[in-house]
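As structure tokens, the structure follows; a few thoughts come after it.
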Amino acid sequence: MTHGPGAVVVTGVGLAVPGVGTPEALLRRTACPVTGPAPEPFDTAARIGRRGHRYKDRATRLALCAALEALRNADLIPADGEEVTVPGDTVGVVASSNLGNLDTACLTAAAIAERSAMDLSPMSLPNASSNVVASWVAIRHGLRGPNLMLCNGATSGLDAVHWGATLVAAGRVRRAVVIGVETHNAVVEDLLGRSAGELLDGAAALVVEGARWAEARGARAVAALGPYERRAGLSGCVEALLPDGAAPGVWFTPERYAEGPAGAVPVPEGVPRYDVTGAVGRASGALGVLQCAAAVGWLARAGAGAGADPGAGAGSAAFGTGPGAAPDPVPASRQALITSGDDTADAVAGLLLRPAPDRCPPRPARAPLISMECSR
502 MTHGPGAVVV TGVGLAVPGV GTPEALLRRT ACPVTGPAPE PFDTAARIGR RGHRYKDRAT
562 RLALCAALEA LRNADLIPAD GEEVTVPGDT VGVVASSNLG NLDTACLTAA AIAERSAMDL
622 SPMSLPNASS NVVASWVAIR HGLRGPNLML CNGATSGLDA VHWGATLVAA GRVRRAVVIG
682 VETHNAVVED LLGRSAGELL DGAAALVVEG ARWAEARGAR AVAALGPYER RAGLSGCVEA
742 LLPDGAAPGV WFTPERYAEG PAGAVPVPEG VPRYDVTGAV GRASGALGVL QCAAAVGWLA
802 RAGAGAGADP GAGAGSAAFG TGPGAAPDPV PASRQALITS GDDTADAVAG LLLRPAPDRC
862 PPRPARAPLI SMECSR
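Sequential numbering from 502 applies to the sequence shown in my numbering.
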């Protein structure tokens with residue numbers, strides 16, 4: 502049985518978003534949204550080729566593009582291949598999309614109601630399955646770990662990041678690909694009552710991995726996952742993540758968050774705010790993953806001028822959250838606060854993203870009882 506992974510880190514980021522190629526570019530565009538004509542739709546054929554398009558809907562193709570880039574960025578897939586270089590059963594997939602294949606499902610149901618099931622193509626029918634995005638990513642790259650699809654409203658993207666990290670921390674897999682994707686089409690526009698220009702047509706992906714296992718294969722971590730909270734309201738969620746009124750270094754706000762009066766906002770006024778949906782469109786189930794990608798860009802920029810770890814201070818928190826992790830205090834001012842959902846939603850999810858640890862915590866004396874993965 503394997504030992505716990507210690508901290509859970511991000512080792513790869515992938516984007517399939519119009520006009521945005523890197524986390525740093527996503528951050529810049531979020532800070533200063535581009536005016537003028539909208540960028541051209543993301544060309545999925547340029548990244549995954551014709552084979553990746555056959556019998557797949559737009560959301561699945563976008564997810565495949567983002568996942569491929571994230572896996573390559575994490576050095577799990579060579580630049581000229583598609584198969585992972587680690588055992589496939591050590592990699593899981595968690596995808597989030599609230600509306601991704603809504604058009605296929607609705608059009609399939611309409612065709613059956615108006616005519617009969619005999620009119621349906623057996624090649625397109627699998628696209629009506631709610632887990633089609635996660636399944637195709639796993640099939641394409643030979644990923645045989647747990648495979649999950651979340652459709653969980655405003656918090657879905659952050660929930661997916663949390664469950665990917667949970668699979669790693671529990672020892673079910675050593676790493677997981679987490680994907681958030683949404684696309685716009687006539688069915689989605691009609692349901693939401695919004696034009697295509699207001700909605701995301703893109704995807705983001707992260708590779709989350711046990712710090713010890715990333716270090717063992719020589720992978721570079723770009724961020725570390727801090728605690729995750731899910732609460733009924735925004736203030737309670739933020740207070741649980743950052744007690745005693747600690748100020749994070751940056752706040753990635755909920756979608757189109759409207760600031761309340763002074764004193765009613767749970768984050769101090771001096772903290773920079775970013776709303777990624779102002780740059781890429783309303784993102785629904787993809788939001789949390791996009792926010793994490795932008796936060797990686799912020800951490801890279803903030804870390805470029807940072808020296809040694811200043812140590813614990815007011816509002817500091819421990820690095821490691823996985824089994825066997827050793828405390829390594831990180832001041833709140835070096836952490837990115839990410840929240841999805843607001844007080845009008847059913848729930849609010851929050852996550853802290855931290856600078857990557859400089860070292861791996863010591864290996865525990867024995868494997869935790871919850872570990873379920875065989876050593877490789």
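Glycine included, C-beta positions come from ideal geometry on N, C-alpha and C.
Shown here for P534: same chain residues with a beta carbon closer than 8 Å to its own, the five before and five after excluded, namely G779 and A780 in chain order.
Rounded to the nearest whole angstrom, the C-alpha separation of H642 and P769 is 44 Å. Taking all protein chains shown into account, E615 has fewer than 16 neighbouring C-beta atoms within 10 Å of its C-beta and is therefore exposed.
The straight-line gap separating the alpha-carbon atoms of G804 and G798 is approximately 10 Å. A contact is defined here as three or more CB-CB pairs under 8 Å, and the stretch 556–571 fails this definition with respect to the stretch 831–838. Remark: fewer than three beta-carbon pairs, one from each stretch, lie closer than 8 Å, so the stretch 734–753 and the stretch 702–722 are not flagged as touching. In summary, G665 is buried, with 16 or more beta-carbon neighbours lying within 10 Å of its beta-carbon over all protein chains present. Scanning its chain for C-beta atoms nearer than 6 Å, with the 5 sequence neighbours on each side dropped, one finds around L651 the residues S597, S657, D660 and A661, in chain order.
Between A677 and V633, the C-beta gap is not smaller than 9 Å, which leaves the two residues out of contact. D745 counts as exposed, since fewer than 16 other beta carbons sit within 10 angstroms of its beta carbon. By the Cβ-count criterion, T586 is exposed, with fewer than 16 other Cβ atoms from all chains shown falling within 10 Å of its own Cβ. DSSP places R555 in the coil class of the three-state scheme, outside both helix and strand. Within the same chain, H554 come within 7 Å of A546 by CB-CB distance, once the 5 residues on both sides are set aside. In this structure, G681 sits away from A795, with a CB-CB distance that is not shorter than 9 Å. In summary, Y775 is buried, with 16 or more beta-carbon neighbours lying within 10 Å of its beta-carbon over all protein chains present. Among the bridge pairs identified by DSSP, S597 is matched with L651 and G681. Excluding its 5 nearest sequence neighbours in each direction, E583 has C-beta neighbours in its own chain below 8 Å: L569, R641 and H642, listed in chain order. For L701, there is no enclosing beta strand (DSSP E), since its DSSP letter is neither H nor E.
By alpha-carbon distance to E730, the top candidate from L838, S785, G711 and S636 is L838. Between the C-alpha atoms of E756 and G672 there is a straight-line separation of about 33 Å. Annotation note: the stretch 725–773 contains the following uninterrupted alpha helix (DSSP H) runs of length 4 or greater, listed N- to C-terminal: 735–742.
By the neighbour-count definition (other C-beta atoms within 10 Å, threshold 16), T684 is a buried residue. Straight across, the Cα-Cα distance linking P588 with W637 is about 18 Å.
A direct Cα-Cα distance of roughly 24 Å separates P524 from N653.
V688 and R559 have their alpha carbons spaced roughly 13 Å apart.
In the three-state DSSP reduction, V723 falls in the coil class, being neither helix nor strand. For the 9 Å CB-CB criterion, G782 and L701 form a contact. Judged by beta-carbon spacing, L577 lies within the 9 Å limit of G513, meaning their Cβ atoms are closer than that value. S841: member of the beta strand (DSSP E) spanning A837 to S841, first to last residue. Secondary structure at V634: helix, using DSSP grouped into helix, strand and coil.
Only residues of its own chain outside the window of five on either side were considered, and among them A629 have a CB closer than 6 Å to the CB of T609, listed in chain order. Here L692 is exposed: its Cβ has fewer than 16 other Cβ atoms, across all protein chains shown, within 10 Å.
Per DSSP, reduced to three states, the secondary structure at A539 is coil, with no helix or strand assignment.
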